[in-house]
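**Student:**
Numbering (the UniProt record's numbering), first residue to last: 1 to 232.
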């Protein structure tokens with residue numbers, strides 16, 4: 001189990017150590033083994049008339065040893081490191097210090113002041129920070145366990161609740177849904193296209209635009225669910 005690291009009133013919470021080791025050690029090893037296996041079967045695949053990429057396999061089969069094996073391990077390990085880095089960037093890193101929480105994920109950083117945070121909870125795999133008026137200054141996927149997150153936030157004086165108190169108010173978005181404020185449907189429509197393309201940056205920016213209109217949105221796979229930020 002991962003544990004928050006605390007020092008001088010500062011707590012940093014990241015993904016479990018197990019997951020980080022799997023990314024930074026396991027992925028390079030798996031990548032190296034995968035490319036090495038491809039190198040071993042390169043000659044056989046090159047002899048199959050129906051196989052695709054025969055030119056690439058012939059080229060790989062013609063590389064002399066030990067260069068071929070060393071190159072296979074190096075290329076595979078490098079590919080694994082690239083995947084590990086991408087996984088690291090996508091991981092949520094929280095820094096709790098003073099009267100603010102900093103969240104880093106997908107190359108974006110956001111600082112949320114204590115005055116913006118009323119309650120904190122875990123909704124499925126998503127960490128949710130709720131403001132006093134019902135808005136969500138932060139909703140982000142995390143692999144960190146609920147008890148680790150709860151301990152970290154409580155240690156800094158935040159109120160942790162076991163479930164999203166507004167969960168029942170979410171409704172699935174469909175084009176032209178009733179009850180949305182002016183302009184929100186168009187943004188949700190654009191955001192749906194961004195999600196279909198797996199465009200995380202555009203999706204995050206459009207979430208912020210919806211927040212300005214008083215609309216909270218959460219995702220389930222490719223589906224969007226929304227609720228008004230405020231009661232009433």
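Each residue gets a CB set at the ideal place from its N, CA and C atoms; glycine is no exception.
What is the DSSP secondary structure of residue 209, reduced to helix, strand or coil?
**Tutor:** Against the chain shown, residue 209 aligns to sequence position 209. Correct three-state label for residue 209: helix.
**Student:** Between residue 10 and residue 39, what straight-line distance do the alpha-carbon atoms span, to the nearest angstrom?
**Tutor:** In the chain shown, counting from the first residue as 1, residue 10 sits at position 10. In the chain shown, counting from the first residue as 1, residue 39 sits at position 39. If you take the alpha carbons of residue 10 and residue 39, they lie about 48 Å apart.
**Student:** Output yes or no for whether 8 Å exceeds the beta carbon distance between residue 127 and residue 92.
**Tutor:** Position 127 of the chain shown, counting from 1, holds the residue named residue 127. Position 92 of the chain shown, counting from 1, holds the residue named residue 92. Cβ atoms of residue 127 and residue 92: closer than 8 Å.
**Student:** Closest to residue 180 by C-alpha separation, out of 216, 160, 159 and 205, would be which residue?
**Tutor:** Working through the chain shown from its first residue, we reach residue 180 at position 180. When only C-alpha atoms are compared, the closest one is 216.
**Student:** Give the C-beta separation of residue 229 and residue 135 to the nearest angstrom, bearing in mind that I take them to be a contact with Cβ-Cβ under 8 Å.
**Tutor:** Here the question's residue 229 lines up with position 229 in the chain shown. Here the question's residue 135 lines up with position 135 in the chain shown. Right, the Cβ-Cβ distance comes to about 4 Å (below 8 Å), so this counts as a contact.
**Student:** Does the contact criterion of 3 or more C-beta pairs under 8 Å hold for the region 145-156 versus the region 189-201?
**Tutor:** no
**Student:** Output the residue ranges of the beta strand (DSSP E) runs that lie fully inside the UniProt domain "YqeB PH" (11-160) and measure 3 residues or longer, sorted by chain position.
**Tutor:** 93-97, 100-105, 108-113, 119-123, 126-130 and 138-141
**Student:** What's the C-alpha gap between residue 164 and residue 32?
**Tutor:** As a first step, residue 164 must be located in the chain shown, where it is residue number 164. As a first step, residue 32 must be located in the chain shown, where it is residue number 32. Between the alpha carbons of residue 164 and residue 32 lies a distance of about 43 Å.
**Student:** Is DSSP giving residue 219 helix, strand or coil here?
**Tutor:** One-based indexing of the chain shown puts residue 219 at position 219. Under the three-state reduction of DSSP output, residue 219 falls in the strand class.
**Student:** Are the beta-carbon atoms belonging to residue 144 and residue 13 less than 8 Å from one another?
**Tutor:** Position 144 of the chain shown, counted from the start, is the residue given in the question as residue 144. Position 13 of the chain shown, counted from the start, is the residue given in the question as residue 13. Yes, these two residues count as a Cβ contact at 8 Å.
**Student:** Output the distance between the C-alpha atoms of residue 117 and residue 97, rounded to the nearest integer angstrom.
**Tutor:** Here residue 117 refers to the residue found at position 117 of the chain shown. Here residue 97 refers to the residue found at position 97 of the chain shown. Near 14 Å, if we compare the C-alpha coordinates of residue 97 and residue 117.
**Student:** Taking the alpha-carbon of residue 224 as reference, which of 209, 191 and 214 has the nearest alpha-carbon?
**Tutor:** Here the question's residue 224 lines up with position 224 in the chain shown. Minimum Cα distance to residue 224 is reached at 191.
**Student:** Would you list the residues sitting across from residue 225 in a DSSP beta bridge?
**Tutor:** Here residue 225 corresponds to residue number 225 of the chain shown, with the count starting at 1. As a beta-bridge residue in DSSP terms, residue 225 pairs with 172 and 218.
**Student:** Can you tell me which of the three DSSP states residue 180 falls into?
**Tutor:** As a first step, residue 180 must be located in the chain shown, where it is residue number 180. Three-state result, residue 180: coil.
**Student:** Round the Cβ separation of residue 139 and residue 218 to the nearest angstrom and send it over; I've been treating them as touching at under 8 Å.
**Tutor:** For the purposes of this step, residue 139 is identified with residue 139 of the chain shown, where counting begins at 1. For the purposes of this step, residue 218 is identified with residue 218 of the chain shown, where counting begins at 1. About 6 Å; that satisfies the 8 Å criterion.
**Student:** Residue 234 and residue 112 look like a contact to me (Cβ under 8 Å); what is the Cβ gap, rounded to whole Å?
**Tutor:** Residue 234 cannot be examined here, being either before or after the span of the chain that is shown, 1 to 232.
**Student:** Based on Cα-Cα distance, which residue from 108, 160 and 167 lies nearest to residue 120?
**Tutor:** Here residue 120 is taken as the residue at index 120 of the chain shown, counted from 1. Of 108, 160 and 167, the residue nearest in Cα terms is 160.
**Student:** Could you compute how far the alpha carbon of residue 210 sits from the alpha carbon of residue 123?
**Tutor:** On the chain shown, position 210 is the one that residue 210 refers to. On the chain shown, position 123 is the one that residue 123 refers to. Cα to Cα, the separation comes out at about 20 Å.
**Student:** With distance defined between alpha-carbon atoms, name the residue in 171, 178, 50 and 30 nearest to residue 76.
**Tutor:** Here residue 76 refers to the residue found at position 76 when the chain shown is read from its first residue. That would be 30, whose Cα lies nearest to the Cα of residue 76.
**Student:** Using DSSP with H/G/I as helix, E/B as strand and the rest coil, what is residue 230?
**Tutor:** As a position in the chain shown, residue 230 is number 230, starting the count at 1. Coil, per DSSP.
**Student:** For residue 226, which residues from the same chain have a beta carbon less than 6 Å from its beta carbon, with the 5 sequence-adjacent residues on both sides left out?
**Tutor:** Taking the chain shown and counting its residues from 1, one reaches residue 226 at position 226. Counting only Cβ-Cβ distances below 6 Å, and skipping sequence neighbours, we find 173, 215 and 217.
**Student:** For residue 186, does the three-state DSSP call read helix, strand or coil?
**Tutor:** Taking the first residue of the chain shown as 1, we reach residue 186 at position 186. Helix.
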